[in-house]
Amino acid sequence: MKNTIITLIFSLLCGLTMFAQQDTCAKAITLDAVYVTAEKITKYRDYTYVMVDFEIVNDKFYILQRENKSLKDFRVLVTNMVFEPLDTMPLPDRIKPTNIFLDAANQCQILGQDTVYQIVEYFDKAFYGFPAEKSHYLNVMRKCVFMTDNYVYFRNVKSQGYSIEYYRVNPAKGIREKLFSSDDSYKLREIQRERDFHRRHRLTTTVGNQVFELGPETNEWENFVSMAWFHTKNAFLGHVGDTLIYFDHLNNRIETYNENMQLIRTCEISYPEKETFWRHTIYQDRAWGTFYTIFGTTLNVIDIKTGKTTPKINTNNYLSQKMIIYKGNLYSLKKRRDSGNTEISFIEKTKLN
Numbered sequence: 012m013k014n015t016i017i018t019l020i021f022s023l024l025c026g027l028t029m030f031a032q033q034d035t036c037a038k039a040i041t042l043d044a045v046y047v048t049a050e051k052i053t054k055y056r057d058y059t060y061v062m063v064d065f066e067i068v069n070d071k072f073y074i075l076q077r078e079n080k081s082l083k084d085f086r087v088l089v090t091n092m093v094f095e096p097l098d099t100m101p102l103p104d105r106i107k108p109t110n111i112f113l114d115a116a117n118q119c120q121i122l123g124q125d126t127v128y129q130i131v132e133y134f135d136k137a138f139y140g141f142p143a144e145k146s147h148y149l150n151v152m153r154k155c156v157f158m159t160d161n162y163v164y165f166r167n168v169k170s171q172g173y174s175i176e177y178y179r180v181n182p183a184k185g186i187r188e189k190l191f192s193s194d195d196s197y198k199l200r201e202i203q204r205e206r207d208f209h210r211r212h213r214l215t216t217t218v219g220n221q222v223f224e225l226g227p228e229t230n231e232w233e234n235f236v237s238m239a240w241f242h243t244k245n246a247f248l249g250h251v252g253d254t255l256i257y258f259d260h261l262n263n264r265i266e267t268y269n270e271n272m273q274l275i276r277t278c279e280i281s282y283p284e285k286e287t288f289w290r291h292t293i294y295q296d297r298a299w300g301t302f303y304t305i306f307g308t309t310l311n312v313i314d315i316k317t318g319k320t321t322p323k324i325n326t327n328n329y330l331s332q333k334m335i336i337y338k339g340n341l342y343s344l345k346k347r348r349d350s351g352n353t354e355i356s357f358i359e360k361t362k363l364n
């Protein structure tokens with residue numbers, strides 16, 4: 012059934028093919044890795060390359076890298092879970108990669124400026140496939156959140172992210188079924204009112220014959236209120252096997268269902284609803300299914316049976332370009348520049364247990 016589901020999704024992607032280009036075969040390049048261990052934290056870095064993005068699939072890292080002193084020499088490094096190199100895949104200049112995207116079919120895609128290339132493996136060698144048109148691919152695959160043996164689950168985002176609808180499709184029956192909706196769009200009207208009020212009542216001062224407006228620009232004020240006062244409480248739908256877990260932030264609930272949409276349990280969530288630093292973001296361990304969220308800079312594990320949260324570690328998530336939780340470890344991509352304006356990047360591994 013899962014093969015049928017995958018076929019259904021990818022049949023929507025015109026021009027996307029799974030065949031790899033054989034001329035990209037390259038032997039694994041020995042990499043001098045740097046490990047710094049302290050308090051369950053391991054950092055991986057290569058001074059020759061800048062880490063642009065990374066993904067984890069089937070106990071392997073796929074790391075998009077750029078040569079440190081170049082803006083166009085890219086490659087994908089494949090390593091095991093302790094960052095030992097298994098393979099390298101040089102990328103031609105025409106791809107112009109920007110990041111790696113993991114889709115709902117658990118396939119890594121290299122996203123270029125206009126095209127998408129799937130990473131495929133053949134006899135433990137990594138290749139990039141023929142291109143698909145990027146905008147069409149993302150329009151389809153960004154709506155697809157996960158798959159089970161019987162369904163493909165989708166998320167439709169409306170009203171600038173303030174309204175979300177979850178639905179699913181059974182490929183065998185071809186029927187679309189609406190599951191959950193979260194409408195927080197009234198906040199958009201509040202933002203509009205704040206923006207109009209600010210524009211009409213912005214303070215001014217007169218110097219000579221000239222009138223100057225004081226305070227933030229209208230667009231700056233709108234951005235501030237949308238982030239600080241009226242940020243949306245995005246709902247989240249996850250799964251563990253064929254069990255669905257729905258985080259209904261608007262109603263302060265966690266609901267658990269089986270795939271027949273029979274309610275197994277519901278509980279109130281103990282999140283700090285009044286705190287502006289919480290963005291209602293849910294993270295899930297991709298292998299173990301455990302759920303997490305971040306309050307300020309503290310990663311908290313969520314008990315989906317009781318709704319209680321327990322602090323685990325300090326994440327410094329504001330400095331992270333990307334975070335993935337996999338098999339009880341938090342992997343964060345971090346970047347900074349040294350005093351000589353050289354870009355420094357590394358992947359930080361933090362044990363959560």
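Quick note on the numbering used here: the sequence shown kicks off at 12 and runs consecutively. Every residue, glycine too, gets a C-beta built ideally from N, C-alpha and C.
Whole angstroms are fine: how far does the CA of residue j sit from the CA of residue i?
i, j, result
"T353", "F65", "20 Å"
"N262", "K319", "16 Å"
"E78", "L102", "12 Å"
"W299", "I280", "21 Å"
"N245", "Y329", "19 Å"
"I52", "K80", "28 Å"
"I366", "G339", "Only positions 12 to 364 of the chain appear in the structure, and residue 366 is not among them; the question remains open."
"R264", "F141", "44 Å"
"D84", "D104", "7 Å"
"T159", "G252", "7 Å"
"Y342", "K189", "34 Å"
"I313", "D259", "14 Å"
"I121", "V68", "14 Å"
"L344", "D195", "31 Å"
"K169", "F138", "36 Å"
"L75", "L82", "13 Å"
"R10", "F357", "As shown, the chain starts at 12 and ends at 364. That puts residue 10 outside it, with no answer to give."
"G185", "K362", "42 Å"
"K323", "L113", "26 Å"
Under the DSSP definition of a beta bridge, which residues are partnered with residue i?
i, result
"M100", "V87"
"V251", "T254"
"K362", "N340"
"Y303", "Y294 and V312"
"V63", "V63 pairs with nothing; no bridge assigned."
"A116", "A116 pairs with nothing; no bridge assigned."
"V222", "T217"
"F165", "C155 and Y178"
"Y282", "Partner(s): none; Y282 has no beta bridge."
"K346", "S356"
"A143", "V127"
"S192", "E176"
Taking residue i as the reference, give the member of the options with the closest Cα.
i, options, result
"Q118", "Y148, P103 and T99", "Y148"
"I275", "V236, N328, Q203 and I315", "I315"
"R153", "T159, D296 and R166", "R166"
"E270", "Y282, D98 and Y257", "Y257"
"Q171", "Y294, R179 and L199", "L199"
"A115", "T99, V63, T292 and Y164", "Y164"
"D296", "I336, Q273 and T317", "I336"
"E359", "D98, M272, C278 and F94", "F94"
"V127", "D135, Y133, T109 and F134", "T109"
"G63", "S331, H250, G351 and N230", "In the sequence as presented, Gly is not what sits at residue 63; that position holds Val. Nearest option by C-alpha distance: S331."
"F236", "G249, E205 and Q221", "Before going on, a small fix: residue 236 reads as Val here, not Phe. Of the listed residues, the one whose Cα sits closest to V236 is E205."
Got a sec? Which residues, its chain only, sit under 6 Å from residue i by beta carbon, not counting five neighbours each side?
i, result
"S365", "Only positions 12 to 364 of the chain appear in the structure, and residue 365 is not among them; the question remains open."
"W232", "H209"
"T267", "I256, I275 and R276"
"F241", "K198, E201 and I202"
"I106", "G123"
Under 8 Å Cβ to Cβ from residue i, same chain only, skipping five residues before and after it: list those, please.
i, result
"L214", "E224, L225 and G226"
"C36", "In this prediction, C36 scores a pLDDT of 38, lower than 50, which makes its location untrustworthy; no coordinate-derived value is stated."
Please return the same chain residues whose Cβ sits closer than 7 Å to the Cβ of residue i, not counting the five positions on each side in sequence.
i, result
"D125", "K145"
"Y73", "F65, E66, V87, V89, I111, C119 and I130"
"R348", "E354 and I355"
"N327", "T308"
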